[in-house]
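For the sequence shown, my numbering begins at 17 and goes up steadily by one. Beta carbons: idealized from backbone N, C-alpha and C, even for Gly. All values reported here derive from a predicted model rather than from experimental measurement. What follows is a set of notes on a single structure, which appears directly below.
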Amino acid sequence: MNNRIMQKEIVTDSLGSLNSQIKLNQPVKEFLVLQQVYEAGIKEIRTKLEILDDEFKIKHDHNPIHHMEYRLKSLDSIVNKLKKRNLEVSLESMVENLTDIAGVRVICNYVSDVYRIAELLVKQSDIKLI
Numbered sequence: 017m018n019n020r021i022m023q024k025e026i027v028t029d030s031l032g033s034l035n036s037q038i039k040l041n042q043p044v045k046e047f048l049v050l051q052q053v054y055e056a057g058i059k060e061i062r063t064k065l066e067i068l069d070d071e072f073k074i075k076h077d078h079n080p081i082h083h084m085e086y087r088l089k090s091l092d093s094i095v096n097k098l099k100k101r102n103l104e105v106s107l108e109s110m111v112e113n114l115t116d117i118a119g120v121r122v123i124c125n126y127v128s129d130v131y132r133i134a135e136l137l138v139k140q141s142d143i144k145l146i
């Protein structure tokens, strides 16, 4: 079973179990739409990194990226984090207050490769490295 289908099932299960406990201010469909936006962001960053890695391999006969991992925070985790911070459980609060909803981890064999990748990323006009 692929990762995306598993994530959808987890979200569906989470929504079902949380539905009786938590009243979200927005419909579930809005959450799923927002989740898809974050998934698209992950795909975009992964694609950019793969292209940079391929270009670097051609120019320098070396791949700076050993591998990549990515994840999308589960609905349960989002709700728990908002509650832990005493924040409203809503989509607006999630977007405004959580900076780790989606993430891509780049694993390099050498520290110098980390800096090379960061340097190549910040040269792109649509990327902001934080």
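query                                                                                                                              : result
Taking only three categories from DSSP, how would you classify V122?                                                               : strand
Just grab the DSSP bridge partners of M84 for me.                                                                                  : V122
Buried or exposed: which applies to Q51, given that a residue is buried once 16 or more other Cβ atoms fall within 10 Å of its Cβ? : buried
Can you give the Cα-Cα distance for K99 and V44, rounded to whole angstroms?                                                       : 18 Å
Apart from the five residues on each side of it in sequence, which residues of its chain come closer than 6 Å, Cβ to Cβ, to L136?  : L68
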